[in-house]
Amino acid sequence: MKSLTNRSKVVSNKQMTFWERIYFPAILNGMRITFGHLFRRKATVQYPEATREFSDIYRGKHVLKRDDEGRERCTSCGLCAVACPAEAITMVSAERKPGEEHLYREEKYAAVYEINMLRCIFCGDCEEACPKEAIFLTKELVKSEYQREKFIYGKDELVESPDPAKRVDVSKRQTKEVLEFKKDKRYKHNK
Amino acid sequence: MVTQIIYKTLLASFILVLSLLVAMYSTLIERKVAGWFQDRHGPNRAGPWGLLQPLADGVKLFFKEEFMPGSADKLLYILGPSLTMFVALLTSAVIPWGPDLVINGTAYPMQVADVNIGILFVFAILSIGVYGIMIGGWASNNKYALLGAVRASSQMISYELAMSLSIITIVMMTGSLSMREIVAQQQGFSWNIFYQPLGFLIFLICAFAETNRSPFDLPECETELVGGYHTEYSSMKLGFYLFAEYINMFISGAVMATLFLGGYHFPGLDKLGLSPNVFAFVSFMVLFTKITFFGFIYMWIRWTLPRFRYDQLMKLGWKSLIPLAILNVVITGVVILLNQ
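Protein chains in written order, with our numbering: chain A, 542 to 732; chain B, 20 to 359.
Quick look at the structure:
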């Protein structure tokens, strides 16, 4: 019968030759192979002393960016929450009061912004959906916790510090091509 | 006479401590070597290069709960590991560790007991060795332990035959059963391995089987029998079993080095004109290096070959090794006759 997949193999039950039956050549060959491994480079990353190298565009913990004047960029439009396939993002909007112009960039802001890090699949769709360049994924990892509740990160953990020295650098994620690409969201699937 | 007794006691305690120390660090080296063979580092967190790892393991074993199954035979259950350990340490008595030490003009042999039937003693002790495993496996009253013990006994009995037969050729060539005599005849580079390569190979394979090392570790066989004969053991009793395995490795390496690799002899070493005590020390180090070499081979094989199936094990023992060993005896006999 003709095979459908071309992957089938004829099973061979041939008798082993004398040379194969005494096993010693095979054993010596095996020992040669294992001996070669003694001097190979070790695959281990010695964790606390050394860390694995991360790509600049690694998708780790999120950050909510501030603008150059230290105002929160997020306007609580909810596009990230809509884009999120895991439904990990929730937020509560609030209106900016007079006198808060130094805190929030636009008239509307997120009073509560929560990401459930247990739900999040770190796909980066929130970053792509954001029209205000407010949310980015970073190289940082989400730390392990003992309680599930602690994995719901609020604004206290997500918003970056207003201190210019402690700002999170996302310039590597915003190359010219990325910015150009982000301009026209209609064709993003062609990328 | 008194000095002789003191000297022998000192030597015996030195060898005891040495075997224990070597066994202790063999566990670390085994894990290190296993790591290297698998492109890993092996234990390196306890102390520099993991040197404190054996201590940590020992402390852990001591603090583990001492568990004994309710249905176990208490006396035999305790006797098992004790016997294994006792027997493992006993063989070192007849091994000549080096040439004579000279203190105050008197020669002191570096051998605890120069029994004139040294080889027979080694084999007698080896065959008692299986009792520790058998008793332990039987006394646990557990089917896995019992299966492991049954496997151990049949394996050891099968391989002892071929082992003894391969040694007979050495005895025929040397004309003596004394270990000291056998080493003395391998002066320089006339090691027995060059005259008896087949005998050495058979002995090596049987030594793997006798020490229950992979690929002959069927008595333990964690994939089939949980832990084999020591399934029901915990704490330091388990430690004794595991420890005895490493002592056995060390001692069998010493026996192989003594019988086949010229013991403490190394070509050209006796012509350097060293003072007797320095010479004895260097010779001892030579022997120790040879033993280390065998230890490495044990580990190398363990991390290369998979375990034998039971029928393959029996087939290899009875259908290949024993006929080969008998053939070796016949050939050696004919050659000796022709040379007379």
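Beta carbons: idealized from backbone N, C-alpha and C, even for Gly. Predicted, not measured: the structure shown is a model, and the values here were computed from it.
Assuming residue i and residue j are in contact, meaning their beta carbons sit under 8 Å apart, how far apart are those beta carbons, in whole angstroms?
i                      : j                      : result
residue 99 of chain B  : residue 151 of chain B : 5 Å
residue 119 of chain B : residue 126 of chain B : 4 Å
residue 117 of chain B : residue 299 of chain B : 5 Å
residue 232 of chain B : residue 96 of chain B  : 25 Å between Cβ atoms; not a contact.
residue 654 of chain A : residue 699 of chain A : 6 Å
residue 661 of chain A : residue 627 of chain A : 6 Å
residue 130 of chain B : residue 154 of chain B : With a Cβ gap of about 30 Å, residue 130 of chain B and residue 154 of chain B do not count as contacting.
residue 91 of chain B  : residue 160 of chain B : 5 Å
residue 616 of chain A : residue 647 of chain A : 5 Å
residue 341 of chain B : residue 181 of chain B : 5 Å
residue 680 of chain A : residue 595 of chain A : 5 Å
residue 212 of chain B : residue 280 of chain B : 6 Å
residue 296 of chain B : residue 121 of chain B : 6 Å
residue 247 of chain B : residue 167 of chain B : 3 Å
residue 196 of chain B : residue 139 of chain B : 6 Å
residue 656 of chain A : residue 694 of chain A : 5 Å
Could you pull the start and end residues of the alpha helix (DSSP H) that residue i belongs to?
i                      : result
residue 173 of chain B : 162-193
residue 369 of chain B : Look at the range of chain B in this structure, 20 to 359, and you will see that residue 369 of chain B is not part of it.
residue 74 of chain B  : 72-82
residue 15 of chain B  : Past the edges of chain B, shown from 20 to 359, lies residue 15 of chain B, and the structure says nothing about it.
residue 152 of chain B : 137-158
residue 201 of chain B : 198-203
residue 222 of chain B : 216-229
residue 613 of chain A : Careful: residue 613 of chain A lies outside any alpha helix (DSSP H) and carries neither H nor E.
residue 560 of chain A : 559-562
residue 620 of chain A : 620-624
Taking all protein chains shown into account, do 16 or more other C-beta atoms lie within 10 angstroms of the C-beta of residue i, making it buried, or fewer, making it exposed?
i                      : result
residue 585 of chain A : exposed
residue 697 of chain A : exposed
residue 691 of chain A : exposed
residue 202 of chain B : buried
residue 78 of chain B  : exposed
residue 210 of chain B : buried
residue 643 of chain A : exposed
residue 675 of chain A : buried
residue 25 of chain B  : exposed
residue 347 of chain B : buried
residue 358 of chain B : exposed
residue 238 of chain B : buried
residue 613 of chain A : buried
residue 236 of chain B : buried
residue 205 of chain B : buried
residue 552 of chain A : exposed
residue 103 of chain B : buried
residue 55 of chain B  : buried
residue 720 of chain A : exposed
Span of the beta strand (DSSP E) holding residue i?
i                      : result
residue 651 of chain A : 649-657
residue 340 of chain B : That residue, residue 340 of chain B, is in no beta strand (DSSP E); it is neither H nor E in DSSP.
residue 631 of chain A : 630-636
residue 572 of chain A : No beta strand (DSSP E) holds residue 572 of chain A; the alpha helix (DSSP H) holding it covers 565-579.
residue 119 of chain B : 117-122
residue 126 of chain B : 125-129
residue 604 of chain A : 603-605
Using a Cβ cut-off of 8 Å (strictly closer), state whether residue i contacts chain E.
i                      : result
residue 591 of chain A : In the structure shown, chain E does not exist; the protein chains are A and B.
### Query
Pairing CB atoms from the stretch 252-260 of chain B with CB atoms from the stretch 79-91 of chain B, are three or more of them under 8 Å?
Touching, per the Cβ criterion.
### Task
Flag this pair as touching only if the stretch 264-272 of chain B and the stretch 179-192 of chain B have three or more C-beta atom pairs under 8 Å; answer yes or no.
no
### Task
Would you check if there are 3 or more beta carbon pairs closer than 8 Å linking the stretch 553-572 of chain A to the stretch 319-335 of chain B?
yes
### Message
I'd like to know if the stretch 575-595 of chain A and the stretch 607-625 of chain A are in contact, where contact means that at least 3 CB-CB pairs between them fall below 8 Å.
### Response
no
### Message
Count Cβ pairs between the stretch 631-645 of chain A and the stretch 598-606 of chain A that sit closer than 8 Å; are there 3 or more?
### Response
no
### Task
Please specify which runs of the alpha helix (DSSP H), each continuous and at least 4 residues long, are wholly inside the stretch 692-717 of chain A, giving them in chain order.
696-699
### Query
At which residue ranges does the stretch 274-349 of chain B contain complete alpha helix (DSSP H) runs of 4 or more residues, listed in the order of the chain?
295-321 and 329-334
### Task
Mind the definition here: the stretch 216-236 of chain B touches the stretch 165-180 of chain B only if three or more C-beta pairs lie below 8 Å; say whether that holds.
yes
### Query
Taking three-plus beta-carbon pairs below 8 Å as touching, is the stretch 104-115 of chain B in contact with the stretch 267-286 of chain B?
yes
#### Entry: Those runs of the alpha helix (DSSP H) which lie wholly inside the stretch 656-691 of chain A and span at least 4 residues
666-670
### Message
Using 8 Å as the cut-off, can you tell me whether the stretch 42-52 of chain B makes contact with the stretch 64-76 of chain B, which would need three or more C-beta pairs spanning the two stretches below that distance?
### Response
Contact between the stretch 42-52 of chain B and the stretch 64-76 of chain B is present, because at least three Cβ pairs lie under 8 Å.
#### Entry: Contact the stretch 339-355 of chain B vs the stretch 204-219 of chain B: 3+ CB pairs below 8 Å
yes
### Query
If we count Cβ pairs, one from each stretch, closer than 8 Å, do we get three or more for the stretch 285-294 of chain B versus the stretch 52-67 of chain B?
no
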